[in-house]
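Encoded as structure tokens, the structure appears first; notes follow it.
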Amino acid sequence: MIRKIEKRDIDAVADIWLNTNLKAHDFIDEAYWKSNYDMVKEMFTEAEIYVYEQEEKVLGFIGLSDDYIEGIFVSCDSQSGGIGKALVDFVKEKREKLSLNVYDKNTRAVRFYEREGFTIISEGTDRDTGEKDLEMLWHR
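Taking our numbering, the leading residue of the sequence shown gets 724, the next gets one more, and so forth.
Here's what the structure looks like:
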């Protein structure tokens, strides 16, 4: 089931955020992710977030800011099971277009977004990490 985040979900969502970032972005010093953990956790209380829940356990989530996907995160042991696709499909129903940025070295995520109909529209550099990133766009 996909639903809006609730206060009781914050710890689970924050842990998924940290663990999946550490796994997917091993090219970035783990201290970067850990140092941002508390700030990001606080931001979750104010953001538009939808969680994927199964048997009362949060397995993934998607964060939005208007038409921008701030991130899609699926717990490491639940990846490749359709949760990310379900989350993307859910927000596609709510928007006419969606954009996002993804690190080009995160090739698994780039392929996922391309399969979901996103196209690369520009390349840039993430100002916080110095890593090359791609801006991607989907529209109806």
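Even for Gly, the Cβ is constructed at its ideal location relative to N, Cα and C.
*Return the CA-CA distance between E819 and I751, expressed in angstroms with no decimal places.*
Rounded to the nearest whole angstrom, the CA to CA distance from E819 to I751 is 33 Å.
_Rounded C-alpha distance that separates I733 from S798_ = Inter-residue distance for I733 and S798 is about 14 Å (C-alpha atoms, whole angstroms).
*Would you mind giving the Cβ-Cβ distance between F835 and G807, rounded to the nearest angstrom? I have them listed as a contact below 8 Å.*
Taking C-beta atoms under 8 Å as the contact rule, F835 and G807 qualify, at a distance of about 6 Å.
*Sub-8 Å separation of E837 and G847 beta-carbons*: No; because the gap between Cβ atoms is not below 8 Å, this pair is not in contact.
_What would DSSP say about T842, mapped onto helix, strand or coil?_
Residue state, collapsed to three classes: strand.
*Label Y775 either buried or exposed according to how many other C-beta atoms from any shown protein chain fall within 10 Å of its C-beta, with 16 as the threshold for buried.*
Buried, because 16 or more other Cβ atoms sit within 10 Å of the Cβ of Y775.
_Are the CB atoms of K815 and L821 within a distance shorter than 8 Å?_
Cβ atoms of L821 and K815: closer than 8 Å.
_Alpha carbon of D761 to alpha carbon of E839, nearest angstrom_ = Taking the straight line from one Cα to the other gives about 31 Å.
_Top-ranked residue by Cα proximity to E765, from Y755, A737, F813 and K780_ = Looking at Y755, A737, F813 and K780, the one whose alpha-carbon comes closest to that of E765 is A737.
*On a CA-only basis, which of F841, D812, L810 and E854 is nearest N829? Give me that one, please.*
For N829, the closest of F841, D812, L810 and E854 by C-alpha to C-alpha distance is E854.
*Cβ-based burial, G786 [other Cβ within 10 Å; buried from 16]*: With 16 or more Cβ atoms within 10 Å of its Cβ, G786 is classed as buried.
*Going by CA-CA distance only, name the one from V825, S803 and I843 that's closest to D849.*
For D849, the nearest C-alpha among the options comes from V825.
*Measure the C-alpha to C-alpha separation of S758 and D856 and round it to an integer number of angstroms.*
Computed Cα separation, rounded: 21 Å.
*Could you check if T743 is buried or exposed, using at least 16 other CB atoms within 10 Å of its CB as the buried criterion?*
The residue is buried, with at least 16 neighbouring Cβ atoms inside 10 Å.
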